[in-house]
């Protein structure tokens, strides 16, 4: 039996769960903060919706641009581990700066504005070091050919979406309370989550994030100049990068919107550089062209999908009936809480047995402490519930920003279904370009669904939240057809010598899409008509139909091109 076959039957390395926890807390931070960002801008800082939307687009666009810088520095100078910790600390600093911004916006608006752009700048630069480096460590935990690797990425992907689901819910109930002064607590929660992420990585990375031979992964490259390990130089470099991101964000948002042109110019430069390489064969160039074509269509998908953080948040806040007025008997909460405590007790017992060795002592104590703390909090909440009188509790309303968690909840729910579906179809499984075209079509149907929901509804009348639930489900199905398929396609088709550069093109397409999402969100009709290429947007129905047309036409064109693209893929 080969080594890979033996490994495939073994349990996953403990390092996978360290990376899972690190990424989960980081995604909690990012998605939680993103869920309340435009509401904080419009309700606390009193930005108008168009400016807030454009600023949101600039922020998320730069979020996808800086991983190119962070990945380059990690590969050549710092290694993955140092970059992850540096990025995590920068993001934590960014959240704490935003906490002070949320504390001072009334008493000192000028200083609060400086804090706002500074906090976002630190988040952007920190994400650049964190995002590209942690994912690359997952596969390195396993030997080549190990069949556990696919399952490992599934487990890791679940970590992303657990954080992506919890973050908006927690930050919504802490910050989106109806009182703008409470937004700061959401930023504080994000900062604490980021500190937890960094602590997990710092304490356990050397011991558990190791290769199959037991050597630590992501260490500083052996040929890295010693100057790049100098704490003063490192700190200065991070400060300069963060200052640059603050400046770019501020200039793009308030002075001159240049980011779209910068991103497109960067992508065009990389494309010309690769296609002008005469050492590439005809087949390799055709595969590169396929990557470029699907990257172009990805722009249409994400620019519509990412309305979730901007215009759809406005819609949830102003046009959606979020009132529940549920009366929940306390006995249901007692039963549910007791069941969760019992399950945590089982996990505590299993973790203690699985980490019984002296080598795992610190990890065992950490897991025991966290589970015991969670159980104590639940017991305290149940005690408070039992002693505050009454036989039931009233749940009045869902915060608007909590709807941002739906995508991650749906991903966790439906990802296994789609993975099963592709296998079940066997030889009838659609090609990668066809799956991506289906993804665009589902996105268009999602917007068509919500357009029907608001058609003929008069201003001031709120619609059922079920229209948002249905739309987010359709959008998530579209994402599952497009996002993992597109990433896999780039990995499979990219010539080895240009694998990183073509992945950079993919990220640049995402960056352009996020910036364009902000531009489109600025067209959200706020009591007045807006226009896009001569198309008048007088109400929400017109606004949602814009995305139906955009995604639908892109889907039809991509469907028409699939056979040609399959031929060019030479697979």
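Numbering (our numbering), first residue to last: -14 to 556. Backbone N, C-alpha and C fix where the C-beta goes; we use that ideal spot for every residue, glycine too.
Beta-bridge annotation (DSSP): residue 461 is not paired with any residue. Distances from the alpha-carbon of residue 438 to those of 524, 38, 384 put 524 closest.
A straight line joining the alpha-carbon of residue 506 with that of residue 521 spans about 14 Å. Cβ-Cβ separation between residue 122 and residue 272: approximately 27 Å, too far for a contact (criterion under 8 Å). Counting of Cβ neighbours within 10 angstroms places residue 141 among the buried residues, the total reaching 16 or more.
Non-local C-beta neighbours of residue 364 in its own chain, meaning closer than 6 Å and more than five positions away in sequence, are absent. Annotation: residue 194 is outside any beta strand (DSSP E) and is labelled neither H nor E by DSSP. Under the DSSP assignment, residue 235 falls outside any beta strand (DSSP E), being part of the alpha helix (DSSP H) whose first and last residues are 216 to 239. When beta bridges are read from the DSSP output, residue 382 appears opposite 308.
Your pair residue 14 and residue 51 does not check out as a contact, with CB atoms roughly 16 Å apart and the cut at 8 Å.
Where residue 509 is concerned, there is no enclosing alpha helix (DSSP H), because DSSP gives it neither an H nor an E.
With respect to the 8 Å criterion, residue 287 and residue 502 are classified as neighbours on the basis of their beta carbons. Taking C-beta atoms as the reference points, residue 248 and residue 497 count as a pair closer than 8 Å. If you check the CB distance, residue 432 and residue 289 come in under 8 Å. In this structure, the beta-carbon distance from residue 486 to residue 274 does not fall below 8 Å.
Put simply, of 531, 155, 85 the residue whose alpha carbon is nearest the alpha carbon of residue 96 is 85. In this model, residue 73 and residue 116 are separated by some 10 Å (Cα to Cα). A direct Cα-Cα distance of roughly 15 Å separates residue 293 from residue 25.
When the five nearest sequence neighbours on each side are left out, the beta carbons in the same chain lying within less than 7 Å of the beta carbon of residue 394 are those of 150, in order along the chain. DSSP places residue 81 in the uninterrupted alpha helix (DSSP H) bounded by 65 to 89. For a cut-off of 8 Å, the C-beta gap from residue 305 to residue 448 is around 6 Å, short enough to register as a contact. For residue 271, the enclosing alpha helix (DSSP H) starts and ends at 267 to 290. Judged by DSSP secondary structure, residue 258 falls within the alpha helix (DSSP H) whose first and last residues are 244 to 260. Annotation for residue 127: no alpha helix (DSSP H) segment contains it, and DSSP assigns it neither H nor E.
Residue 27 places its beta carbon less than 8 Å from that of residue 37. In this chain, residue 204 is not harboured by any alpha helix (DSSP H), its DSSP state being neither H nor E. Remark: C-beta atoms of residue 425 and residue 285 approach each other more closely than 8 Å. By the neighbour-count criterion, in which 16 or more other beta carbons inside 10 Å mark a residue as buried, residue 194 falls on the buried side. The alpha-carbon of residue 378 is positioned some 19 Å away from that of residue 324. In the DSSP annotation of this structure, residue 516 is not part of any alpha helix (DSSP H); the continuous beta strand (DSSP E) holding it starts and ends at 515 to 517. Boundaries of the beta strand (DSSP E) harbouring residue 522: 520 to 522, taken from the DSSP string. For the pair residue -2 and residue 126, the Cα-to-Cα distance works out to about 7 Å. Our two residues, residue 213 and residue 205, have alpha carbons roughly 10 Å apart in a direct line. For residue 11, the enclosing alpha helix (DSSP H) covers residues -1 to 28. When the beta-carbon positions are compared, residue 118 and residue 59 come within less than 8 Å of each other. DSSP places residue 444 outside both helix and strand once states are collapsed to three, so it counts as coil.
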